[in-house]
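Just so it is clear: in the sequence shown, position 47 is 47 by my numbering, and no numbers are missing. C-beta: ideal position from N, C-alpha, C; glycine also. Report on the structure given below.
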Amino acid sequence: MSHEGIRIGPMDETAREREDNRPLPRIAVTPEKVRVLLTEGKGMEIDWVDGHRSAWSFAWLREACPCATCVEQRAQEGRKPGQAQRRSAAVLPMYTPPPKPASAHAVGRYAIQFNWLDGHSGGIYSWEYLRRVCQCPECTFADEETTGVPN
Ligand SMILES: [Zn+2]
Ligand SMILES: [Zn+2]
1 MSHEGIRIGP MDETARERED NRPLPRIAVT PEKVRVLLTE GKGMEIDWVD
51 GHRSAWSFAW LREACPCATC VEQRAQEGRK PGQAQRRSAA VLPMYTPPPK
101 PASAHAVGRY AIQFNWLDGH SGGIYSWEYL RRVCQCPECT FADEETTGVP
151 N
């Protein structure tokens, strides 16, 4: 019995399969302009130095909170960042206002933090995280390709 058959593929193959872990070029994770549309209650838009443009609604961002508690909760419920919680049918459909931050501020040069109206504020949204969860058609399409959905 030999293990000769087991070979680690070339590095670039591995990198392609694990796109999520591949370091992004600096220009892709450096925002040129950040617009937090607080008064409109719409969401956030980022123009990146590499010319790419991203936009997220506040509702999406709230469900993508990168703090340890929210990450764990999503993992337990099998939700992707930005995916809303399924409300149990037993819960009375009370009106809940759409998530919105009371304020937002930069964290150093690498991230942004929201103070949500529901009192939550633990999530530090790094530019790199935000770029990885870009919701533009181009990025979401590329994402589906790597999840192994047959063509
Ligand atoms: Zn959180
Ligand atoms: Zn994108």
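Per DSSP, the beta-bridge partners of P31 are W48. Beta-bridge pairing by DSSP links S103 to N115. G123 has its CB nearer than 6 Å to a heavy atom of ligand 1. For P101, same chain residues with a beta-carbon under 6 Å away, outside a window of 5 residues either side, are F114, N115, W116 in chain order. The Cβ atoms of P99 and F58 lie closer than 7 Å to each other. Between the alpha carbons of V71 and R132 lies a gap of roughly 15 Å. Look at V133 here: in three-state DSSP terms it is coil, with no helix or strand label.
DSSP places A84 in the coil class of the three-state scheme, outside both helix and strand.
In this chain, R53 is not harboured by any alpha helix (DSSP H); it is covered by the beta strand (DSSP E) spanning 53-57. What you get when you keep residues with a C-beta closer than 6 Å to any heavy atom of ligand 2 is H52, S54, C134, C136, E138, C139.
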